[in-house]
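The structure under discussion appears below in the form of structure tokens.
Number of protein chains: 2
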Amino acid sequence: MKPQILIHPWKIIQDQWDPLQQRMAESLFAIGNGRMGQRANHEEDYSGETLQGSYIAGLYYPDKTKVGWWKNGYPDYFAKVLNSSNFIGIHVRIDGELLDLATATVVSEFRRELDMQHGLLTRTFTATLSNGIQVEVIATRLLSIVSDDMAAVAYQLRTDQDAQVEIEPYVDANVINEDANWESTFWEPLSQRTDKEHAVVQSKTKRLNFHLAVAMQCQLSCDAEGQSGDKAGCPSWTYTYQSTANKAVILHKYVAVLSSLNAPIDDLSQLASTQAIAAAKQGFDAIKKAHQAAWMGKWATADIVIEGDDSAQQAIRFNIFHLLQTFTGVDPRLNIGPKGFTGEKYGGSTYWDTEAYCLPFYLASSDISVAKNLLNYRFNHLPQAIANAEKLGFKKGAALYPMVTMNGEECHNEWEITFEEVHRNGAIAYAIYNYIRHSQDWHHLTEGGLDVLTGIARFWAQRVSWSKAKKSYVMLGVTGPNEYENNVNNNYYTNFMAQWSLNYAAECWSWVESHEPDAYDRLRKDLLCDGDELTIWKSVASKMYFPYDKTLGIYLQQDGFLDKVIEPASALDPKDRPINQNWSWDRILRSCYIKQADTLQGMFFFEDKTSLDSLKKHFDYYEPLTVHESSLSPCVHTVLACRLNYREQAMSLYEKTARLDLDDSNNEVHEGLHVTAMGGTWMSLVYGFGGMKILNDGLQFDPQLPEGWTRLTFPLNWRGALLTVSIDRDGVTIDNQKGNRVACHVHGQAFDLAAGQSIHQQHPVS
Amino acid sequence: MKPQILIHPWKIIQDQWDPLQQRMAESLFAIGNGRMGQRANHEEDYSGETLQGSYIAGLYYPDKTKVGWWKNGYPDYFAKVLNSSNFIGIHVRIDGELLDLATATVVSEFRRELDMQHGLLTRTFTATLSNGIQVEVIATRLLSIVSDDMAAVAYQLRTDQDAQVEIEPYVDANVINEDANWESTFWEPLSQRTDKEHAVVQSKTKRLNFHLAVAMQCQLSCDAEGQSGDKAGCPSWTYTYQSTANKAVILHKYVAVLSSLNAPIDDLSQLASTQAIAAAKQGFDAIKKAHQAAWMGKWATADIVIEGDDSAQQAIRFNIFHLLQTFTGVDPRLNIGPKGFTGEKYGGSTYWDTEAYCLPFYLASSDISVAKNLLNYRFNHLPQAIANAEKLGFKKGAALYPMVTMNGEECHNEWEITFEEVHRNGAIAYAIYNYIRHSQDWHHLTEGGLDVLTGIARFWAQRVSWSKAKKSYVMLGVTGPNEYENNVNNNYYTNFMAQWSLNYAAECWSWVESHEPDAYDRLRKDLLCDGDELTIWKSVASKMYFPYDKTLGIYLQQDGFLDKVIEPASALDPKDRPINQNWSWDRILRSCYIKQADTLQGMFFFEDKTSLDSLKKHFDYYEPLTVHESSLSPCVHTVLACRLNYREQAMSLYEKTARLDLDDSNNEVHEGLHVTAMGGTWMSLVYGFGGMKILNDGLQFDPQLPEGWTRLTFPLNWRGALLTVSIDRDGVTIDNQKGNRVACHVHGQAFDLAAGQSIHQQHPVS
């Protein structure tokens, strides 16, 4: 079943009520503001299939791990994204009957709209209750992007006849995580208070002592009797009034959500109350106006405009919208979870997805401080990464970053991933490199960058071993990005990233030595790193083994890859697809099929290290074997297909990534969205069709506009300049809106743009 | 902490009470009769650390699997050995105070004896209660090896002063499994009844509907008042009497244990009651006498006598005793669990241990029907093995036997084991070969043997794939017996067993075609097997790939083994041993260390396929890398060390296997014994020091008596003869006690013995 979503350049729209679509829609229409987010649950009661979910960034629960057979080195706990107090809830009773779309006899005029331009979620419907009364509702809500601890709901109600209406807004701390391993609850309500039109509840997590206070201040647009409700953990205020037929009444609910991450525990409830009251004084319209303006501001440096294809336009904005509302970059303790604020699956907030797939978007589309906070996040977790490596037997400050984490500690418990999918370290080093080449902020090296690179280099230098047989350093027992191979030897990508990280770390030490001698002395002392160690790194890098087949002229994904039966994925029986839902694991492992870009991922990261000819050989060999059963796969192949001028293939791969969630291609949108893959979609567009490359430290554009598109326009933060790149069927226009001079090549032609300048270069005749 | 066990040729003795030793002792002193067994729990209450455990062979519970990340093909359930109704329990109260060794102020004169010759467990002690009264207890019990649903306890009590004694025997269905995955209970008590001195309780498992009825009939040696107890699930009978100082009173408790495996559910309680009453009529002494005689009978064909070393004598009898009481061969639904009746860990009852390590003991030491029932067990499970293979994508009757099972279905959920440790299929084929060469019962092929061999051959023929690179059939993604390597390619042992199984299956079809043409026609039709298929098997076998290193002149354990850093285990820091308790899994996997015989296991199975010279090369290479962290490892190396005349090493390896549990070398005896490894101990002795070999289908003996031993004598069932082989420092005496003529070689000299004949051959001068 596909989501029934209307095409619109700025909006996600559902115009029919279908309970079977509800869980999907709750994911697709989710809203957030970087600090918190929530699924698009109904405000009023809903007894149908739903995942009630509100999530607060940075709050997590160390859920006891579920594991079949324990291995040494496994973490005891899996940090789970915390489903937190529900603050949008409103019980509505009409002549005593509960408003609930699951029990209403007729639901008509249903429309749900997510206005991505302004960050607003609106829902309208008319429901006929079993007592015959028709109720019309218009509900609008927002999570303020201006004050990220504030939310507001406007809930307008109209009955088709006079009736007694009870409307009971509440805040509810009695929430559960759907993905709790042992069906336990994570929160303990601590205190609650109601006052006229006001309620506040404070709860704490059963472990780690996170506190959360949620307060509401309500206003009703008509006179009503009021009564406080004090259900345990769920304080409320009930308005009772006699409605007049066809006359609208509006409830405004102003919410403040404060956690112990940002405020003292003892003051939490009081502060939340005060803020909710202040929000009510400000009023819904003023809050909304400021919120809309702030969203417009975010889009100004992030929007991609596709002319000529509203579906593609909607899709890219949907991807960008979720990236913007999941991470705003104001707090280095936060990161981008694979489901953002849209669901619970996978737990943890941080995977290598952040560095490999999301960072490029933030580098290009936000103030550089946003990307820098993603780097600081890893720097702040360096002690845990070192502890994690020590747990696995590594020494002397070697760091292994976790596969999945909230607080820097490893969460994941599958040996072939936890202990062996070590390539993640490479992406974290690459992020530093990528950040510096975008920002030219070399000084970052002395503010944590070099610490991280050193820990990572030390890990690689110990993780390899010398093979007498191969007279090279080999890396045994790893899992590459292609998780359809486990515990392999000499995964090309991992060895490549290790080699590169070792060289890069050594280079960065040299840079610091030359450019910041004081910092160099301090860092040498702090990190106990000397020239001998750098020599070892460079030596290991220079003697790294790579599996290569001369006949094919390609690097092999790992040792022994050619022992497999090599047949293109297109030869598979369609009923076997996706293979991860139809084949046993051993069959997948011994097959040649590739879950996601692996060898090609390395070539994607380092375009200047692979010739187009070599890229073509590798792409032609590996693409047909790739089943793209990871949301992170088609985006990389899209970019490479663009490089190789495989236009049709590029478009078909792009569609897989861009509308993955809007079309629910993997049948899992009910669990949440693939938020980190959305960064991949952005890359497909900007690096792929937009043709942006960073080659030999220089910026290049060799775009190709897909058929049917009349114009593609995207902004680009680059080394202190803000560029607008616009591609139409004739050529490329680049406008340096402000900031530094920018040198770049467009279709091979060199340009140098000062602020305020723009250039136009025609496409070559093809 | 080592068990405090006294050395005695026929007994296991503990002569001091130490609560810290209780859980260990409960395992070491466990008794059984093939149908049921139990840990050596105290009869009276015990509030200290204990694992209360009574187990009924063949009853199991499909416990919901605990798994971190689900893989397609995993079974939903793990069949658990069922902890079942406690029938030995007796509450004892002296002047109102409960007798409990954990709360007694003094415990003296404690002695626990397991008389292995007669299958009797005795325990004596004197306890001083906090009320000052001293109580002397002599408790004797047995699980009848004559009637395997009968048990009897004699519990003698003496107080040092007059006191009011309440003695309350009970049967208790309220039991739990310590290893339940989700802390659930497996049994539901159904009905219970008490009558004068009698009680019966029937319970059923919450799944699968196994029923168990346990009845007791009691007798007290003095007058007492009686009262029935009806605690739910735990009926009892309480005797109350006034004891006279220093005068002994004996309680006899006769127990019948009947399950729905062997009797109709509706009659179960009644039948159990009747049998308990009949046992009481027979009386303890008569039951004991018959039981002792039956045990003596079992020893007659199974005992190994070591003269000159009581510790070794005790150890080998301990191993044999547990093998004899775990599996008696009367029921093809039963098998030998890795912990026998001594604990719960690992669940399931059947691993490849049975075929690879235990079968040789039963072949040599019991009527051939016992071994045949182990084969029938697998034949009866063939449909499930075929279903299991189908689940993994195999076709046309291919069979993959489970790694762990109770009822033929796979239980285990670790992909690298469940799906990849497929060598188990080889051991099951080997068992048929081994059985036939011992018994000459070729007819077995038409009674199930060929069905099994065909299913297994079909599996191998599909599990290999053609490598263009190697121009051979390769087997990718397996785990060999050495579980410290996962998901490797071309494990030598697995490829070897596959090759051999394919050829052997084809040979067996030829044998049946020549010798049993009618059966041949039936089987061809039943199994849809034709000449083309046999041709494929032989072709796959002939083109099987084996990793080999020319320089070293050895087969490699798997592809890429020589990329590892090869250093002997002796170079490891002792604090890293055992590595499976100190290293993370990835570190173990990429190390060269071998958990248990792997390449060498194949050479052990097929002595006639490996020259001594080649064996020496392989042993010299692999033994130093072997950490023997499986209980199944040292035994195989012992035999090979004997072959190579590595006497000291053989003895040191033998000690690791023979006293593994008596010395609790792995610190896990509190969880139960390594029952299947005991078959390995038997092989170390008979194949190793006893020098028995089956070479080119002929029997040979080339024994070497370890230093300090003056004589080693063992019986041997061989092709319808019963031999006694006796080795002293001078030479070897073989006595054909009865049955067929036997040809054999002793120290290279050919002999041919008719029944009643014996020969003596001196050892060669060394």
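Those sequence lines, one after another, are chains B and U. Position 76, counted from 1, in the first sequence is what our numbering calls 76; the numbers after and before it change by one each time, with no gaps. Converting from the second sequence to our numbering requires adding 1000 to each position, the first position being numbered 1. Just so you know, even glycine gets a beta-carbon here, dropped at the ideal spot from N, CA and C. Owing to the predicted nature of the structure, the values given are computational and were not obtained by experimental measurement.
In terms of CA proximity to U:TRP1460, U:TYR1401 leads the group U:GLY1408, U:TYR1401, U:TYR1433 and U:LYS1471.
At a cut-off of 8 Å between beta-carbon atoms, U:LYS1066 makes contact with chain B.
At a cut-off of 8 Å between beta-carbon atoms, U:ALA1173 makes no contact with chain B.
Among the residues of chain B, those whose CB is under 9 Å from the CB of U:TRP1415 are GLU416, ASN486, SER584, TRP585, ASP586 and LEU589, following chain order. The beta carbon of B:SER465 sits closer than 8 Å to some beta carbon of chain U. In this structure, U:ARG1141 lies away from U:THR1124, with their beta-carbon atoms at least 8 Å apart. According to the DSSP assignment, B:PHE459 belongs to the alpha helix (DSSP H) that extends over 449 to 463.
Secondary structure at U:LEU1695: strand, using DSSP grouped into helix, strand and coil.
Residue environment: U:VAL1686 is assigned as buried (16 or more neighbouring CB atoms within 10 Å of its CB, all protein chains considered). For the 8 Å CB-CB criterion, U:PHE1419 and B:TRP585 form a contact. Under the Cβ criterion (8 Å, minimum of three pairs), the region 89 to 96 of chain B counts as touching the region 149 to 169 of chain B. U:THR1238 carries a strand assignment under DSSP once its states are collapsed to helix, strand and coil.
Note: U:PRO1189 is bridge-paired with U:SER1203 in the DSSP secondary-structure output. A Cβ of chain U is located within less than 8 Å of the beta carbon of B:ASP559.
In terms of Cβ geometry, B:ASN407 and B:TRP682 do not form a close pair [threshold 8 Å].
Nearest to B:SER260 by alpha-carbon distance, out of B:GLU197, B:ARG741 and B:SER203, is B:SER203.
Counting only runs of at least 3 residues, the region 1634 to 1708 of chain U fully encloses the following beta strand (DSSP E) elements, listed from N- to C-terminal order: 1692 to 1695 and 1698 to 1701.
B:TYR646 and B:ASN487 have their C-alpha atoms some 33 Å from each other. In terms of Cα proximity to B:SER684, the closest of B:LEU723, B:GLU629 and B:CYS635 is B:CYS635. Counted as a single uninterrupted DSSP element, the alpha helix (DSSP H) harbouring U:ASP1521 occupies residues 1517 to 1527. The C-beta of B:ASP664 has 16 or more other C-beta atoms within 10 Å across all chains shown, which makes the residue buried. As the crow flies, the alpha-carbon of B:ALA398 is around 8 Å from that of B:THR454.
Collapsing the DSSP output to three states places B:CYS744 in a strand. Beta-carbon to beta-carbon, U:THR1103 and U:THR1128 are separated by about 11 Å, too far to satisfy the 8 Å threshold. Here the region 1078 to 1085 of chain U makes no contact with the region 1020 to 1028 of chain U; the two share fewer than three CB pairs at distances below 8 Å. Burial is judged here by how many other beta carbons sit within 10 angstroms of a residue's own beta carbon; U:LYS1595 has at least 16 and is buried. In this structure, B:ARG378 keeps its C-beta atom at 8 Å or more from the C-beta atom of B:MET116. With a contact defined as Cβ atoms closer than 8 Å, B:SER236 and B:ALA199 qualify at about 6 Å. The beta carbons of B:ASN434 and B:LEU359 sit closer together than 8 Å. Secondary structure of U:LEU1334 (DSSP, three-state): coil. In the three-state reduction of the DSSP assignment, B:TYR622 falls in the helix class. Chain-order list of chain B residues neighbouring U:ASN1072: ASN580, GLN581, ASN582, TRP583, SER584 and TRP585, by C-beta distance under 8 Å. If you look at U:TRP1585, you'll find it in the alpha helix (DSSP H) that goes 1585 to 1590.
Annotation: B:LEU476 is outside any alpha helix (DSSP H) and is labelled neither H nor E by DSSP. The continuous beta strand (DSSP E) containing B:TYR55 extends over residues 54 to 64. Within its own chain, the residues whose Cβ lies closer than 6 Å to the Cβ of U:MET1692, once the five positions on either side in sequence are excluded, are VAL1686 and PHE1701, listed in chain order.
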